[in-house]
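In this note's numbering, the protein residues as written are 94 to 373.
Here's the structure, in structure tokens; my notes come after.
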Amino acid sequence: MPSPDPRRIVCVAAIAALLTLFCSACGPRYVRVKVQDAGGIAIKLRSQKNVERGFAHPATISGARLAHILSFVDVRVDKSRTPAIDLDLIYPLGEALSRAFARAESNQELVVEVTRTERRLGLFTDKFLTSFVTYVEGDRLFLHLSRVNWAIPKQKEDDLAEPWVNKRVQNFRVLPSDHLAAAGAQGVSVAWRDSRFRKASNLRFGAGGKLRRKQLLLDAGTEPEGANETSEDAPMLPRGLSAEQLRELADLEEARRRGEIAEAEYHSRRRAILDAASTP
């Protein structure tokens, strides 16, 4: 049996390499249009070339309404409940999203990266990233989270990976509520025209004008009409509770409403949280 011609082997290998390169070049091609990159907020309109997505874009949604929607999104990271978006950023982010939705076309999704900076000891600077993909489909707004308050490694500050729908890169769980429906791996959808988002129904201004979440029913986002703060179901909370204690109380209220704990245990655990808060 004659041995293979070395030149033929080289030729076949070269053709295979060219075919591989050609196939990769024929993969999905994306076009990105930068519409915002200031104040720690970066937004791009991303589309796949020659692919129609059918989004309800351009969309006219006020920045305030978008901020109110964002204020309802909570995640659970390492067993603790926390707002997905830093409350100090929701209004500027809402305005930026409003402008981006007005510019987006029906094949473009919004790619959003929000960077928050903290200083340590007055000398060191740490950066934290929250990123997501959002779009409007029909009468619902979809928000797919990728990173939530993720500490950016120094060596990656200039090379951050884009968020993608249903591509899990950080371990957290998005918490659905009465107003938010689960969507995909780490996303939610919301009927954005709902009248409850017209006002900041689950926000308040604290000392120094700092934006805060209301103390009770954090996952519901608003108090029921006619609620009496002095009733047994919604007792007045003392001043000075920490964010962690407020979240513990909110989780306790959530477990009570779902029937996961007995009334005696609810009151016992609630007293323990409040007693710890009042201890100097």
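Backbone N, C-alpha and C fix where the C-beta goes; we use that ideal spot for every residue, glycine too.
Give me the Cβ distance between residue i and residue j, rounded to the nearest whole Å; I'm assuming they're in contact under 8 Å.
i	j	result
Gly156	Gly187	4 Å
Arg212	Phe221	That pair is no contact at about 12 Å.
Arg363	Leu339	Incorrect: roughly 12 Å between the Cβ atoms, too far for contact.
Phe217	Ile154	Actually they are not in contact, since the Cβ atoms of Phe217 and Ile154 sit about 38 Å apart, beyond 8 Å.
Taking a contact to mean a Cβ-Cβ separation below 8 Å, would you say residue i touches residue j in this structure?
i	j	result
Val128	Lys137	yes
Glu206	Ser224	yes
Val267	Ala274	no
Gly277	Asn259	yes
Trp257	Val226	yes
Val229	Ala131	no
State the DSSP-derived secondary structure class of residue i, mapped to helix, strand or coil.
i	result
Gly231	coil
Ala135	strand
Gly280	strand
His150	coil
Phe265	coil
Ser288	helix
Ser191	helix
Ser224	strand
Ser199	coil
Leu236	strand
Ser361	helix
Ala369	helix
Between the alpha carbons of residue i and residue j, how many angstroms are there, rounded?
i	j	result
Asn264	Leu367	30 Å
Val168	Arg240	11 Å
His272	Val166	10 Å
Glu341	Gln279	22 Å
Ile354	Ala348	6 Å
Got a sec: is the Cβ-Cβ distance from residue i to anything in chain C below 8 Å?
i	result
Val283	Looking for chain C here will not work: only one protein chain is present.
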